[in-house]
Amino acid sequence: MTTENPHQKEHSIADFEAVKTAIANGESALVKDILAGQTMHKLEKDYLLDLARLGNDRAIIKLLDAIPVKQKPG
591 MTTENPHQKE
601 HSIADFEAVK
611 TAIANGESAL
621 VKDILAGQTM
631 HKLEKDYLLD
641 LARLGNDRAI
651 IKLLDAIPVK
661 QKPG
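The working numbering runs 590 ahead of the 1-based position in the sequence shown.
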C-alpha cells in the first residue's frame with residue numbers, strides 16, 4: 591500500500607498486516623476503513639485478492655477490486 595509520505599513506510603507495513611488479518615477474519619468494514627484513499631502495487635493487490643478469494647468473501651473482493659494500482663514512474 592502506498593502513502594504520500596515516505597516516512598510512513600513502517601505504518602504502511604502495519605496497515606498491510608492489518609488488512610491481511612481483516613480479510614482472514616472477514617471484516618469488510620475494517621478493510622474498507624484501512625484502504626480508503628490508498629493505492630497498491632499490483633503484487634500487493636493480487637496477493638490480497640487471492641487471500642479474499644480463499645475465504646470467498648464477495649464484499650471484500652469487491653472492495654479490493656476497486657483499489658487503484660500504483661503506476662510505475664516513467
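Cβ atoms here follow ideal geometry from the backbone N, Cα and C, with glycine treated the same way. Owing to the predicted nature of the structure, the values given are computational and were not obtained by experimental measurement.
If we ignore side chains and look at the alpha-carbon of each, how far apart do residue i and residue j end up?
{"i": "G645", "j": "V609", "result": "14 Å"}
{"i": "K650", "j": "D605", "result": "One detail in the question is off: residue 650 reads as Ile in this sequence, not Lys. If you take the alpha carbons of I650 and D605, they lie about 16 Å apart."}
{"i": "D636", "j": "K622", "result": "17 Å"}
{"i": "I624", "j": "P663", "result": "25 Å"}
{"i": "A619", "j": "A642", "result": "14 Å"}
{"i": "K652", "j": "G616", "result": "13 Å"}
Would you mind working out which of the options sits nearest residue i, comparing C-alpha positions?
{"i": "I657", "options": "D647, Q628, D640 and L633", "result": "Q628"}
Give the secondary structure of residue i by DSSP, where H, G and I count as helix, E and B as strand, and everything else as coil.
{"i": "H597", "result": "At H597, the pLDDT of 48 sits below 50, so the modelled position is not reliable; the number obtained from the coordinates is stated separately. Of the three classes helix, strand and coil, the one that applies to H597 here is helix, per DSSP."}
Cβ of residue i within 7 Å of any heavy atom in the ligand HEM?
{"i": "E607", "result": "As far as ligands go, the structure on display features none, and thus does not contain the ligand HEM."}
Subject >> Whole runs of the beta strand (DSSP E) within the region 619-646, excluding any shorter than 3 residues >> reply: none
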